[in-house]
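A.B. asks: I'd like to ask some things about the structure below.
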Amino acid sequence: MPRALITGITGQDGLYLSELLLSKGYEVFGLIRGQNNPKHDLVRATVPGVQLVTGDLTDMSSLIRALEFAQPDEVYNLGAISFVAYSWENALLTSEVTGKGVLNLLEAVRLYSHGDASKVRFYQASSSEMFGKVQEVPQRETTLLWPRSPYGVAKVFGHYMTINYRESYGMHASSGILFNHESPRRGPEFVTRKVSQAVARISLGLQEDLTLGNLDAKRDWGFAGDYVEAMWRMLQQPEADDYVVATGETHSIRELLDIAFTHVGIEGWERYVKQDPRFMRPAEVDLLIGDPAKARDVLGWERKVDFPALVTMMVEHDVEEQRALAGR
Ligand code: GDP
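Numbering (full-length UniProt numbering), first residue to last: 1 to 328.
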């Protein structure tokens, strides 16, 4: 039975990847931070088959202990401080966790493997935020990186460290450059979930309006459940490599609002939406749109859920959830 250790187990990707690996017969271990972390319960309820191990990406000794406990064949580093807006307010902490945390884990894997580079396969969750001020449209694996946030800069560090451990130590270390991926499990601070929750509440008469930032921002949004499949496929390749995972389409916040409001039968969302500079970014990334050709050709990966299906899936989930919370 193959064994996997996942950091970031409490996030949407950690949960979807756990479900995927459990369905393939893996024994799955999840690294979880802290004492009495309330998210223990979330993981236990969602993926009861996962064994939790306490540890923190900023504490290398805890990572070595977690590796010794889990004895993994595959390590997926999904743990990070991942909210771009927050990374501006907590730039040093973001660098420690999202950036240096990757090096801590790579080094822990190297020490744990005692010079046997074939012992563990490693996945690093790199990000389209690394492209920032985009130097080429669409973005591919070779596009020059130009991050525009502390989060993006930290992810660039992790990305190149992963490549360095592959090239210097021969480690099977791959980096997935994933464009935005969403789901009903997305945190409510991200714009897609913020919109799906608000639209659900407005349709149920529980909320009057919705305050957003830049409505012209565009993203290449896919479904997280599809994207974890690409992570797994990367680690099954004979050679480690880097892959862009994206839909190849871009959509604006306005389109997101059109689909979400229309789905609950509301025409003319402009009445409900306010704008506030609080939700604007100090520096916005440009036209993010990924070219998934390599993932398609080498990994045989393709997305199954398109943008309208993703938005309606999220809105439908939130209508049910908000209705239950309101006791209706
Ligand atoms: P990100 O791509 O990882 O930063 O994902 P987000 O979902 O946080 O943001 C996606 C885009 O939505 C960014 O360009 C934001 O500027 C834009 N946006 C507009 N209004 C909002 C808002 O109220 N909250 C968030 N999170 N993003 C917003």
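In this text, a Cβ means the ideal position worked out from N, Cα and C, and glycines have one as well.
Leaving aside the five residues before and after Ala84 along the sequence, list all residues of the same chain whose C-beta is less than 8 Å from its C-beta, in chain order.
C.D. replies: As a position in the sequence shown, residue 84 is number 84, starting the count at 1. In the sequence on display, residue 84 carries Val and not Ala. Result list for Val84: Glu129, Ser149, Tyr151, Gly152, Arg281, in chain order.
A.B. asks: Relative to ligand 1, is the shortest distance from any of its heavy atoms to the C-beta of Tyr279 smaller than 7 Å?
C.D. replies: As a working mapping, residue 279 is identified with position 279 in the sequence shown. For clarity, residue 279 is Phe in the given sequence; the question names Tyr instead. Flag set: Cβ of Phe279 near ligand 1.
A.B. asks: Considering only residues of the same chain and omitting the five flanking positions on each side of Leu103, which have a CB-CB separation below 8 Å?
C.D. replies: Counting from 1 along the sequence shown, the entry for residue 103 is found at position 103. Hits under 8 Å: Phe157, Gly158, Met161.
A.B. asks: Would you say Glu68 touches ligand 1, meaning its beta carbon is less than 7 Å from a heavy atom?
C.D. replies: On the sequence shown, position 68 is the one that residue 68 refers to. Flag unset: Cβ of Glu68 not near ligand 1.
A.B. asks: Flag Glu270 as yes when its Cβ comes closer than 7 Å to any non-hydrogen atom of ligand 1, and as no otherwise.
C.D. replies: Residue numbering aside, residue 270 sits at position 270 when the sequence shown is read from its first letter. Result no, Cβ not under 7 Å from ligand 1.
A.B. asks: I need the straight-line Cα distance from Ile266 to Asp242, nearest angstrom please.
C.D. replies: For the purposes of this step, residue 266 is taken as the residue at position 266 of the sequence shown. For the purposes of this step, residue 242 is taken as the residue at position 242 of the sequence shown. For the pair Ile266 and Asp242, the Cα-to-Cα distance works out to about 42 Å.
A.B. asks: Taking only heavy atoms of ligand 1 into account, decide whether any of them is closer than 7 Å to the Cβ of Thr98.
C.D. replies: Translated into positions along the sequence shown, residue 98 becomes position 98. Taking 7 Å as the cut-off, one finds no heavy atom of ligand 1 near enough to the beta carbon of Thr98.
A.B. asks: Distance check for Asp306 and Ala117, CA to CA, integer angstroms please.
C.D. replies: Here the question's residue 117 lines up with position 117 in the sequence shown. Here the question's residue 306 lines up with position 306 in the sequence shown. Spanning the two alpha carbons is a distance of roughly 38 Å.
A.B. asks: Spatial neighbours of Ala326 within its chain, please: C-beta separation below 8 Å, excluding the five flanking residues on both sides.
C.D. replies: The residue you call residue 326 lines up with position 326 of the sequence shown. Result list for Ala326: Leu204, Leu206, in chain order.
A.B. asks: Mapping DSSP to helix, strand and coil, what is Asp59?
C.D. replies: For this step, residue 59 is matched to residue 59 along the sequence shown. Look at Asp59 here: in three-state DSSP terms it is coil, with no helix or strand label.
A.B. asks: So for Lys218, helix, strand or coil by DSSP?
C.D. replies: For the purposes of this step, residue 218 is identified with residue 218 of the sequence shown, where counting begins at 1. Three-state result, Lys218: strand.
A.B. asks: Need the endpoints of the alpha helix (DSSP H) that Gln124 sits in, please.
C.D. replies: Residue mapping note: residue 124 aligns to position 124 of the sequence shown, counting from 1. Premise fails: Gln124 lies in the beta strand (DSSP E), 121-127, not in any alpha helix (DSSP H).
A.B. asks: How far does the alpha helix (DSSP H) with Tyr272 in it extend, from its first residue to its last?
C.D. replies: Position 272 of the sequence shown, counted from the start, is the residue given in the question as residue 272. Note, Tyr272: premise wrong, no alpha helix (DSSP H); not H, not E.
A.B. asks: Note down, one range per segment and in chain order, each alpha helix (DSSP H) of at least 4 residues found wholly within the stretch 237-297.
C.D. replies: The stretch 237-297 contains these whole alpha helix (DSSP H) runs: 253-263.
A.B. asks: Please report how far the alpha carbon of Thr312 lies from the alpha carbon of Glu182, in whole angstroms.
C.D. replies: On the sequence shown, position 312 is the one that residue 312 refers to. On the sequence shown, position 182 is the one that residue 182 refers to. Their Cα atoms are separated by approximately 12 Å.
A.B. asks: Going by DSSP, what residue range makes up the beta strand (DSSP E) through Leu31?
C.D. replies: Residue mapping note: residue 31 aligns to position 31 of the sequence shown, counting from 1. For Leu31, the enclosing beta strand (DSSP E) starts and ends at 27-32.
A.B. asks: From Asp297 to Ala217, what distance separates their C-alpha atoms?
C.D. replies: Against the sequence shown, residue 297 aligns to sequence position 297. Against the sequence shown, residue 217 aligns to sequence position 217. Taking the straight line joining both Cα atoms gives about 30 Å.
A.B. asks: Assign Leu67 to one of three DSSP states: helix, strand, or coil.
C.D. replies: In the sequence shown, the residue the question calls residue 67 occupies position 67. Three-state result, Leu67: helix.
A.B. asks: Quick one: what does DSSP say Asn164 is sitting in, helix, strand or coil?
C.D. replies: For the purposes of this step, residue 164 is taken as the residue at position 164 of the sequence shown. Note: Asn164 maps to helix in three-state DSSP.
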